[in-house]
Each structure stands twice: as structure tokens, then as C-alpha cells.
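Q: As they're listed, the protein sequences go chains U and W.
Residue numbering for the first sequence follows the working numbering, starting at 1 and increasing by one per position.
Residue numbering for the second sequence follows the working numbering, starting at 206 and increasing by one per position.
I am attaching a structure below and will ask some questions about it afterwards.
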Amino acid sequence: MTAALLAAATGSGAHLAHASAWAVFGVGAALILTGAFGVVLLRNPVHSALMLVITLIGVALEFIDESADFLAAVQIIVYAGAIVILFLFVIMFLAVDRREPAAPEPTRAQRPLAVLLGLVALAELLILSRVQHWSSGAHHVAGSLKGGEDVQKLGESIFTRYLLPFEMTAALLVIAVVAAVVLSRRHGRVAAEMSPAEQEEATLR
Amino acid sequence: MTVPGAWYLVLAAVLFGIGATGLLVRRNVLVMFMCIELMLNAVNLTFVTFARLLDDIGGQASVFFVLVVAAAEVVVGLAIIVAMFRRRAAATADEIHILKG
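Pasting the structure below:
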């Protein structure tokens, strides 16, 4: 999309479009990898959450590069706007950022083994993608992406073919909200029945 | 015209690997949750790439549903963490055995 716009604006043909697509991909990849390593390596959970935002913006850039404009917008709004804010809220609420786990690692070999396992999983994925011809499946089973706006195609698909899953996500969201309320409810008396001192004590508890 | 799909798939695989390693290495439950988000994003990237390669809207619809499920998962997971923390200050995964009841 971005590449197409650039090419149309300058009129210098497919070469510039090609270069700009690669540029967007490169910037997005750099953001994704920087953010991902930051999430894993930084000690402070607040810093990890902020690095997660960088990764999410990188993924949104890659979505734009792949002409999934609506999903890029949703990625920014839902992930960076809502989920990371929720993470930050819980970190601040629980004051986890000030608490550093002092206890030693219970299983000594866990970290090297974990890194090894991650590398093995990565190698396996890369080898599989090399050996198998994944992208030679059936084309546009659920409808083509071409010939219309991205949002229009997605909307038609969700409200016709995927209507039942869409309704089920509505049920899922209601269940999640109820679960969050039930899980975080305090047992005992409600706040209205307490004196201010008791409320203070209950908040700190 | 555009970047070949294989590049996106490799990038998604690397992101998934970093997320999986982080999930195993970190002990803070909140950071482990963030690593799960990294893995979900890697899968989303793969979905969008295959949607483009196969010219199929189904991949993008799947990403839409993954986003909804991720939001629900984060809400419930963070509520569990808050409930755990209220009962006993337990921010590391080693102390989750208090959930045994």
C-alpha cells in the first residue's frame, strides 16, 4: 500500500516501490527484534512493557507492508493501546517494579537449557519452512484479497463466512469480563460498609 | 514489487523463538505474559504473510480472532495475577504453587 502510493506519487516505476517495500520491511524487522530482545533481557518489567510496544509497532509496520491496513490499525489500537496499558497498570498497581526476586534459581541448569531449547525450536521452524512447501496450498478458499478495499473484504468475510466464530468471540469477551470481576473481587464486606480506615487497610492488603 | 514472503516467515520464526526462550528464561509472571504476546504476534505475522501468499482473506480473519482471544487471555491472566498477589506477594513463577489449593 505504502509502496504503491509512493510509486504512484513519483511515477518513477516499480524500482522505487520495490526499494520502499524493502525499506519498510527492514525498519519493521529492526523494531521487532530490538523490542523482542528488550522484553526478554531487561530486568525492569516496566522497561519490558515499553519494549513490547516497540515490537508491536514493528509488527504493525509489517502488516502495512503486506497491505493489511485494517489489521495494522487494530494492532496499534488493541495491542499498544489497550493490552500494554493493562500490563503497565497491573505492574504499577502491584508495585512489581520495585521488587527484585532475591531467591536463587531453583533449578540451576534451566537458563542454558531454555536458550538451547529456543534455538532448537527456531532451527526446526527454519528447516521445516525450507523443506516443506507450505505456501503451495489451495488459493483463496475463503475469498480473494484482490479487487476491493482490505476492510471491505475482511468485513464481508467476518459477517458471512465467519459469523458464528464472530458471535462466539462476543460470548468469550463477556465471559472474560465476568471472570476478571469475579477473580479480582475482594471477599468480605463491601467498601460502602467500611469506615475510611478499614477501606485504607483493605486497599493496602 | 514486494518483499518475498519467506523473509516475513523467517522474521516471524525468529520472533517466536525469542518469545519461547523468554518464556522459559524469565521468572516474573508479568514478563512471561509479555513473552506469550510476542509469540502470538509472531503467529499473526505468519497468518498475514500466508494470506498474502495464497491470496486468501481467511488468514486476515484469523488474525482478527487471535486479537480478540489475546485480549480476553490477558484480562483473565492479569486478574489471576492480581488475585494471587493479593493473597500473597508472589510475582515469580516459582511461587505459583500456592494455586494448588
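Here a beta-carbon is modelled for each residue, glycine too, at the ideal position from N, C-alpha and C.
From a predicted model like this one, the values you see are computed outputs, not experimental measurements.
Using a Cβ-Cβ distance cut-off of 8 Å, determine whether residue 237 of chain W contacts chain U.
A: No - not a single Cβ of chain U is within 8 Å of the one on residue 237 of chain W.
Q: List, in chain order, every chain W residue whose beta-carbon is nearer than 8 Å to that of residue 86 of chain U.
A: Under the 8 Å cutoff, chain W gives 279, 280 and 283.
Q: Less than 8 Å between CB atoms is the rule here; does residue 109 of chain U satisfy it with respect to chain W?
A: Not an interface residue.
Q: Name, going along the chain, the residues of the stretch 208 to 231 of chain W whose beta-carbon falls closer than 9 Å to a beta-carbon of chain U.
A: Listed by position along the chain: 208, 210, 211, 212, 213, 214, 215, 216, 217, 218, 219, 220, 221, 222, 223, 224, 225, 226, 227, 228, 229, 230 and 231.
Q: Starting from residue 65 of chain U, trace the alpha helix (DSSP H) both ways and give me its first and last residue.
A: Here the alpha helix (DSSP H) through residue 65 of chain U covers 45 to 65.
Q: Identify whether residue 207 of chain W lies in helix, strand or coil by the three-state DSSP scheme.
A: In this structure, residue 207 of chain W counts as coil in the three-state DSSP scheme.
Q: Give the secondary structure of residue 274 of chain W by DSSP, where H, G and I count as helix, E and B as strand, and everything else as coil.
A: Three-state result, residue 274 of chain W: helix.
Q: Could you give the DSSP three-state label for residue 27 of chain U: helix, strand or coil?
A: If DSSP states are grouped into helix, strand and coil, residue 27 of chain U belongs with the helices.
Q: Compare the C-beta of residue 56 of chain U with all C-beta atoms of chain W and state if any pair is closer than 8 Å.
A: So yes, residue 56 of chain U belongs to the interface.
Q: Are three or more beta carbon pairs between the stretch 141 to 153 of chain U and the stretch 238 to 250 of chain W nearer than 8 Å?
A: With the cut-off at 8 Å, the stretch 141 to 153 of chain U and the stretch 238 to 250 of chain W do not touch.
Q: Quick test of your reading: residue 273 of chain W and residue 172 of chain U, contact by CB under 8 Å. State the CB separation rounded to the nearest angstrom.
A: Rounded, the Cβ-Cβ distance is 7 Å, consistent with contact.
Q: So, with DSSP's three-state summary, where would you put residue 16 of chain U?
A: Helix.
Q: Take the Cβ of residue 51 of chain U as the centre, count every other Cβ of all protein chains shown within 10 Å, and call the residue buried at 16 or more, exposed below.
A: With 16 or more Cβ atoms within 10 Å of its Cβ, residue 51 of chain U is classed as buried.
Q: What residue from W:209, W:253, W:291 and W:207 has the CA that sits closest to residue 271 of chain W's CA?
A: Selected option, being the one with the closest Cα: W:253.
Q: Would residue 28 of chain U be called buried (16 or more neighbouring beta carbons within 10 Å of its own) or exposed?
A: Buried, by the Cβ-count rule.
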